[in-house]
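Chemist: Protein chains in written order, with my numbering: chain A, 956 to 1119; chain B, 18 to 669; chain C, 33 to 209.
Yeah, the Cβ is synthetic: ideal placement off N, Cα and C, and Gly gets one too.
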Amino acid sequence: MRVRPGLLVLLALAAVLATLGIVAVRGQGAPVSRAQQVQQIAAGLHCPICKDLSVADSPAPLAQQMRAQIEQELAAGRSPADIRAGFVAAYGDSVLMTPPRHGLAGTAYALPLGIVAGGVLVVIVLMRRWRTGAADEEPAERLPAAQRLAVRRAVERLREEEPG
Amino acid sequence: MAGLGAYALLFALVLAAAGAVVAAVGARSQRPELVAAARRIAFGLLATVVVVNGAMLIALLGNDFSLSYVAGNSSRETPVFFKVLSLWAADDGSLLFWNLILAGYLTAVALRFRTERPPTFPYALSVLFAVQVFYLVLVNGPARPFATLAAAPADGRGPAPLLQNHPLMAVHPPFLYLGFIGFTVPFAFGVAALLAGTGSDAWVSLIRRWTLVGWCFLTVGLVLGALWSYSVLGWGGYWAWDPVENVALLPWLVSTAFLHSIMLQERRGMARLWNISLVIGAFALMTFGTFLTRGSVLSSVHAFAQSAVGPAYLVFLGLVLLGGFGLVAWRLPTLRTPARLESMVSREAALVGNNMLLLAATAIILLGTAFPLVVEAATGEQITVGGPYFQSALAPVFLLVLLLAGTAPLLPWRTVNRARAVRRLRVPVVAAALVVVGTAVAGLADVEAIAGFGLATLVLVANGQEIVTGLSQHGGMRALLRGRRRYAGFTVHIGLALLAIGITASTNLAQQTQVTLKTGQSTVFAGHTLRYEGLETDQQAQRIVLTARVSVAGDGALTPRMNLYPAAADPIGSPSIHRGLVHDLYASVISLQDDGDSATFRFYRNPGVTWLWIGGALMALGGIAAAWPPRRRRRPDERPQRRAAPVGAGVG
Amino acid sequence: MRRWVLLGIVVAVVTAIVAVLSTGLGRDPSVTSSPLVGKAAPDFTLAGLDGPAVTLSALRGQVVVVNFWASWCTECHEEQAALDTTWQRYRDSGVVVLGIDFQDTTAGARDYVHQKGLSYPVVQDSDSRTALAYGIRGIPETFLIDRTGQIVDRTIGLLNADALAGRIDGMLKAGAP
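(1) Check whether the Cβ atoms of Leu190(C) and Glu110(C) lie closer than 8 Å to each other.
(2) Need the endpoints of the beta strand (DSSP E) that Leu176(C) sits in, please.
(3) Hey, does Val458(B) have any beta-carbon neighbour from chain C nearer than 8 Å?
(4) Give me the subset of the region 251-273 of chain B whose CB atoms are less than 9 Å from a CB atom of chain A, sorted by chain position.
(5) Using only the alpha-carbon positions, how far apart do Gly20(B) and Ser85(B) sit?
(6) Could you name the residues that DSSP lists as bridge partners for Phe542(B)?
(7) What residues of chain C sit near Pro1014(A), judged by a beta carbon separation below 7 Å?
(8) Could you tell me the alpha carbon to alpha carbon distance between His510(B) and Leu112(B), rounded to whole angstroms?
(9) Measure the C-alpha to C-alpha separation of Ala457(B) and Gly385(B) and round it to an integer number of angstroms.
(10) Any heavy atom of the ligand MN closer than 7 Å to the CB of Leu966(A)?
(11) Mind checking if Trp347(B) is an interface residue toward chain C, Cβ cutoff 8 Å exclusive?
(12) Under 8 Å between C-beta atoms, does His1057(A) make it to chain B?
(13) Answer yes or no: does any C-beta atom of chain A fall closer than 8 Å to that of Met361(B)?
(14) Quick one: grab the DSSP three-state call for Ala29(B).
(15) Are any of the Cβ atoms in chain C nearer than 8 Å to that of Met1021(A)?
(16) Identify every residue that forms a DSSP beta bridge with Arg578(B).
(17) For the beta strand (DSSP E) containing Ser605(B), name the first residue and the last one.
(18) Do you know offhand how far Ala33(B)'s Cα is from Asn372(B)'s?
(19) Whether or not the region 289-304 of chain B and the region 199-213 of chain B are in contact is what I'm after, with contact meaning three or more pairs of Cβ atoms, one per stretch, closer than 8 Å; do they touch?
(20) Within the chosen definition, does the region 247-261 of chain B reach the region 613-632 of chain B through at least 3 CB pairs nearer than 8 Å?
(21) Just to check my reading of the structure: Ala543(B) and Gln528(B) have Cβ atoms closer than 8 Å, yes? What is that Cβ distance to the nearest angstrom?
(22) Check His1057(A) in the structure and name its three-state DSSP category.
(23) Among Ser1009(A), Glu1026(A), Arg1083(A), whose alpha-carbon lies nearest the alpha-carbon of Gln992(A)?
(24) Just checking: is the beta-carbon of Pro84(C) within a distance shorter than 8 Å of some beta-carbon in chain A?
(25) Leu339(B) versus chain C: which residues are under 8 Å apart at the beta carbon?
(26) Which residues does DSSP pair with Asp185(C) in a beta bridge?
(27) Could you give the residue range of the alpha helix (DSSP H) that holds Ser409(B)?
(28) For the region 1048-1082 of chain A, which residues have a beta carbon sitting closer than 7 Å to at least one beta carbon of chain C?
(29) Measuring only between beta-carbons, confirm whether Arg1039(A) sits less than 8 Å from chain B.
(30) Given 8 Å as the limit, is there contact between the region 80-98 of chain C and the region 1074-1083 of chain A, that is, 3 or more CB pairs closer than that?
(31) Compare the Cα-Cα distances from Arg48(B) to each of Pro139(B), Asp108(B), Thr617(B) and report the closest residue.
(32) Counting beta carbon pairs with one atom in the region 1043-1057 of chain A and one in the region 996-1006 of chain A, are three or more of them shorter than 8 Å?
(33) Name the DSSP beta bridge partners of Thr87(C), please?
(34) Taking a contact to mean a Cβ-Cβ separation below 8 Å, would you say Gly590(B) touches Ser568(B) in this structure?
(35) Using a Cβ cut-off of 8 Å, pull out every chain A residue sitting near Tyr549(B), in sequence order please.
(36) Just grab the DSSP bridge partners of His1001(A) for me.
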């Protein structure tokens, strides 16, 4: 069955978007086990004596003890937010793997979006300016039709095999 | 040795300064004999720096502990292999090595332009000498490798245990240095073009190859760093978003952007200002990286011992930025190029998009890494910007980069014939869609992971398709070799796709567990039965190695180790890895109890990690292929090289 | 004219960058400040190594020097003399020196105490909850707590007996009974 390439591409794109949409809406699924919860919280905490490892990844004894404490507190019914707050009270904001959301430090979360948005803006402005440059060009002298056809064929052949 | 080394360093500094002046005067006054003299000075400088490094090596191998560097970084028990590597184990010695590589590049440039002399050459030589002057001032001033101790100790302290634990120490720093320092050459030629005031684009083609050289080395250096983190540090991962790792990535991203936007200048004469800024930016970021690494400004795994070089690097960084961008501002009129964009869907637009994304990633990483510093300066508050921040911020950006890598090679210049583009995209898009649907159906619940697999497939199939088309339609290997640059680009993209698959798989599908086993006890993990067999002790000259043997049912044994060095308070763990194409089985021993009768292990199942190394290697190979100079044959029947655009022709 | 404006912008931006980065020089990146200084000391009740259990809130009204240590920590060995001197000097002035053993074995701790002739009360933090509540990053760490139960100082690493004595004197003089 010969399907038109355009249709096939469109179908494929539709399938991709639909799948991603469904997965995004469905989310991560069922609630996680206790061990996974500990892992999640520990992954968000910075092991205080390591250089950049999280409490989940670090083999240091202190990190082990922190994980044990997280598990105990979860068993006792404390919420993840409270557990994190407890560590922040003892170690300071630097025990969180990412900056706190308030104050000057919280601006870190706006940065990536701002940078990308700024980049997109610059690109759009730039490309608009370049496009108007193209429109201002004067049309080339018209060649007779047969020659134009020959030139076009030659250019296409060139494009197929041009290096670099 | 100490005296020889110190005097030779001083002599080298004098030579470098002389070379900078002679080359500069020769450039301004256009006197070829001065330029020739500068070239000879370059050879002399290389010889002197070789002598200096040789002196340090002899001191290390000969256990000359009167030198404080040798006493602090080597010992009698250190194996010869690691004694040699101690040359770059710490700040002062590694600066000697840095100077050696820089002098090597300087000489390579001097040799390369033996016969053909572009007008920028003398200026570039002068700039290279000037950079060398800075690094020689460092080793003559704040960081003295040949400083002597009043009383030489009987034995040295030995290298830091982590640095003598694994042979990768032999290659990771050298490749990184070759990469970083390699970017000095494009910078020198860029500044030279600004100084010479030539408005032509000749310099761009010239430095493309040199940038590629630096880029290839840096790619290998970064991949080796990840390999080290994975195979040596034992935490199961390969990239910790450590500040020093981050700043090493920055010049790589910027030079990748340059290697793409260079096509805009070569083909369409566009983006001249942008390209020169990228070249200066890559070098400035590299300098910023060395400042951050060696100036003990941020806490890091790579922190060198407290050294007085911080202020010197900062001053140099300031000079580089002022000089480089100041020149750009000064020469702005000559840098303006007429730019034309026929269509939003074209190779040009895709290249602009590529640059925007890569520079956005650079900015995010740079600002994120410097953020704790800024916040502490402003409010005194101490915060951490760690892995989760960078991962969530950069994932969308890198996914978009993959999208471009899978579609842009199929886009033509200027305008696209829509039907033809769709025809070419047909197979890659369908393949990607199949992968997306397939992974979702298989149960993967993370949108970014699914998108990652899908886009990597797109890149793989699209670039692979172009190579296959080239092989089959246009005359096989000869076409490949003639269009070397293009097919090398496809290869690099394929390597990138493999890298992306490895990263996506290992980030989202990894499993781990921590378990304490007594001797003879087994546990089941990820479908394997693992049994702790017992502890073996091996007394070596410089350390004691405790191996906790774990047998894997049907698949041999894992041997994670704990290495006890006298200099280290804590043992250094070494993981044991069973590598595979689908997944790695990874074991590390966290602690031992009861004299080894009981041991706490961490086991990991890391899918896809092997593809990281394969992908990285392929990227480097593609880069080498792109940089490989064409054979210059003069045959009357050979077809002339085609250049698509009137501007942009130049010496390569 | 435009050239000079652009050049001025470049100079301004570069100066700003260098200024910000220079604030990073001269500080030790591994030193972190404690958020507990100036706040109420977390309360705890810990079993004694070879004596009665100790509850921190029961010591309200006295100046308390809390020192976290372990038998395998070499710096702890070095500062032991300073702690003992402080205890001998101030034990009758309403000052308590309390040692909290952390990440250690009972046998090792006992050996250490007997070897060093420790005279002040020692308790064990077997599950490390107290250490974590105090934000311990390594040992030794010493906290100086005033009579109202507020932490006034935290020292990481080797203690200086004279500096400690100076601070305690100041607190004893200033504090109302």
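Modeler: Reading off the structure:
(1) yes
(2) 173-177
(3) no
(4) Gly251, Trp252, Gly253, Gly254, Ala257, Trp258, Asp259, Pro260, Glu262
(5) 13 Å
(6) His545(B)
(7) Going along chain C, no residue has its Cβ under 7 Å from Pro1014(A), so there is no contact; the nearest lies around 14 Å.
(8) 34 Å
(9) 32 Å
(10) Looking at this structure, you won't find the ligand MN or any other ligand, since it has none at all.
(11) yes
(12) no
(13) yes
(14) helix
(15) yes
(16) Thr564(B), Ser591(B)
(17) 600-610
(18) 36 Å
(19) yes
(20) yes
(21) 5 Å
(22) coil
(23) Glu1026(A)
(24) no
(25) Val42, Val43, Val46
(26) Leu176(C)
(27) 404-424
(28) Ser1049
(29) no
(30) no
(31) Pro139(B)
(32) yes
(33) Thr77(C)
(34) no
(35) Under the 8 Å cutoff, chain A gives no residues; its nearest Cβ is about 17 Å from Tyr549(B).
(36) Ser1009(A)
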